[in-house]
Amino acid sequence: GAVVSQHPSWVICKSGTSVKIECRSLDFQATTMFWYRQFPKQSLMLMATSNEGSKATYEQGVEKDKFLINHASLTLSTLTVTSAHPEDSSFYICSAPAGGTDTQYFGPGTRLTVL
Amino acid sequence: KQEVTQIPAALSVPEGENLVLNCSFTDSAIYNLQWFRQDPGKGLTSLLLIQSSQREQTSGRLNASLDKSSGRSTLYIAASQPGDSATYLCAVSDFGGTSYGKLTFGQGTILTVHP
Numbered sequence: 350g351a352v353v354s355q356h357p358s359w360v361i362c363k364s365g366t367s368v369k370i371e372c373r374s375l376d377f378q379a380t381t382m383f384w385y386r387q388f389p390k391q392s393l394m395l396m397a398t399s400n401e402g403s404k405a406t407y408e409q410g411v412e413k414d415k416f417l418i419n420h421a422s423l424t425l426s427t428l429t430v431t432s433a434h435p436e437d438s439s440f441y442i443c444s445a446p447a448g449g450t451d452t453q454y455f456g457p458g459t460r461l462t463v464l
Numbered sequence: 188k189q190e191v192t193q194i195p196a197a198l199s200v201p202e203g204e205n206l207v208l209n210c211s212f213t214d215s216a217i218y219n220l221q222w223f224r225q226d227p228g229k230g231l232t233s234l235l236l237i238q239s240s241q242r243e244q245t246s247g248r249l250n251a252s253l254d255k256s257s258g259r260s261t262l263y264i265a266a267s268q269p270g271d272s273a274t275y276l277c278a279v280s281d282f283g284g285t286s287y288g289k290l291t292f293g294q295g296t297i298l299t300v301h302p
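Keeping their order, the protein sequence lines are chains A and B.
Numbering-wise (our numbering), the first sequence opens with residue 350 and increments by one.
Numbering-wise (our numbering), the second sequence opens with residue 188 and increments by one.
Here it is as structure tokens:
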């Protein structure tokens, strides 16, 4: 089956620093990837749609200058949390539809803790 | 705006019991509906995907039904096992266009199966 990986699996950083999270499709190409955020005991909220070779599409209320998304290749999308603050602490998950199917495959998630 | 609700929020059952998880959505113009499983601190595993034209899907002990007109889906788990303990999420993909592939999630049902 299709596999999506994320790196790192967890990260702790100081307030004000920037953190980059990678999402890779390991055995398929993904022209589109999705980034979600999940707060403790809550469901997943879509943040943005990452499009290979073009600008990401952000959901209402998500600051595009704070959450920078780059989809530079057909297997890699990155999410950079700029000038992170404690309220950005969350579980970030990416997903991608495998070619020719409607099933979304999710990465294992990245736990971000901002001190 | 699509809203997805899952009932119950939590469920605890003895091993061997059959159980039903419920999911409802407000906008019936969906492309498909998926059920996912999430273990604590982990990503999502796709369990079943039902296209809008389908009524049900089965995989092993799992059976998912879809009544698009009434905005409801159920996930039936037969002969539950302790290993089934997890959070179960349903998500709908809205129909086509720029919304394609974007998922709206319910809050999830936390299932505990005790020996």
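All residues carry an ideal CB built from backbone N, CA and C; glycine is no exception.
Give the single residue among the options whose Cα lies nearest to the Cα of residue i.
i: residue 382 of chain A; options: B:302, B:290 and B:272; result: B:290
i: residue 209 of chain B; options: B:301, B:264, B:270 and B:259; result: B:259
i: residue 352 of chain A; options: A:362, A:373 and A:365; result: A:373
i: residue 392 of chain A; options: B:299, B:234, B:275 and B:262; result: B:275
i: residue 240 of chain B; options: B:252, B:232 and B:233; result: B:252
i: residue 233 of chain B; options: A:405, A:437, A:455 and A:460; result: A:455
i: residue 452 of chain A; options: B:297, B:194, B:196 and B:221; result: B:221
i: residue 387 of chain A; options: A:440, A:444, A:432 and A:430; result: A:440
i: residue 422 of chain A; options: A:463, A:411, A:377 and A:361; result: A:377
i: residue 196 of chain B; options: B:273, B:236, B:250 and B:243; result: B:273
Among all the DSSP beta bridges, which residues are the ones paired with residue i?
i: residue 254 of chain B; result: B:259
i: residue 201 of chain B; result: B:301
i: residue 358 of chain A; result: In DSSP, residue 358 of chain A forms no bridge with anything.
i: residue 248 of chain B; result: Per DSSP, none; premise fails for residue 248 of chain B.
i: residue 453 of chain A; result: A:446
i: residue 363 of chain A; result: Per DSSP, none; premise fails for residue 363 of chain A.
i: residue 238 of chain B; result: B:219
i: residue 369 of chain A; result: A:429
Can you tell me which of the three DSSP states residue i falls into?
i: residue 401 of chain A; result: coil
i: residue 271 of chain B; result: helix
i: residue 435 of chain A; result: helix
i: residue 386 of chain A; result: strand
i: residue 380 of chain A; result: coil
i: residue 193 of chain B; result: strand
i: residue 224 of chain B; result: strand
i: residue 411 of chain A; result: coil
i: residue 266 of chain B; result: coil
i: residue 208 of chain B; result: strand
i: residue 352 of chain A; result: coil
i: residue 461 of chain A; result: strand
i: residue 406 of chain A; result: strand
Using 8 Å for Cβ pairs, my map puts residue i next to residue j. What's the rounded Cβ distance?
i: residue 189 of chain B; j: residue 254 of chain B; result: Contact doesn't hold; Cβ gap of about 16 Å is too wide.
i: residue 458 of chain A; j: residue 247 of chain B; result: Not a contact, Cβ separation roughly 25 Å.
Examine chain C for any beta-carbon lying closer than 9 Å to the beta-carbon of residue i, and answer yes or no.
i: residue 407 of chain A; result: Of the protein chains in the structure, A and B, none is chain C.
Is the segment 398-416 of chain A in contact with the segment 361-369 of chain A, if contact means three or more CB pairs nearer than 8 Å?
-> no
Indicate whether the contact test is met: 3 or more Cβ pairs, each with one atom in the segment 262-269 of chain B and one in the segment 202-217 of chain B, closer than 8 Å.
-> yes
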